[in-house]
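When you line the sequence shown up against our numbering, it's residues 12 to 69, in that order.
The next block holds one structure in the form of structure tokens; read it before the comments.
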Amino acid sequence: MVVLKSLIAIAGVLLTLYYLTLYYKGKSSIKKVVWIFFSTWLLLVIISVIEFMVYSHN
């Protein structure tokens, strides 16, 4: 789970930076940058909640 969260976080940061550079070049919208950023962190929060629920039942 830690590896999965780390990979998602790294991928999210890289995608955010990639679309941010596209935005500065005028090839992408800021909405896409914000959407990728928030969806990455939402996914991490969901995984953390599932992980907490699994470990709290044991």
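All C-beta atoms in this analysis are idealised placements derived from N, C-alpha and C, irrespective of residue type, glycine included.
| Asked | Found |
| --- | --- |
| Let me make sure I understand the geometry here. Which of 66, 25 and 41 has the alpha-carbon closest to that of residue 51? | 25 |
| Can you grab the Cα-Cα spacing for the pair residue 59 / residue 42, in whole Å? | 26 Å |
| Keeping to the same chain, check which residues put their C-beta closer than 6 Å to that of residue 39; ignore five residues upstream and five downstream. | 30 and 33 |
| Count the other CB atoms within 10 Å of the CB of residue 37; is the residue buried (16 or more) or exposed (fewer)? | exposed |
| Which of the three DSSP states is assigned to residue 90 in this structure? | The chain is shown only over 12 to 69; residue 90 falls outside these bounds and no answer can be derived. |
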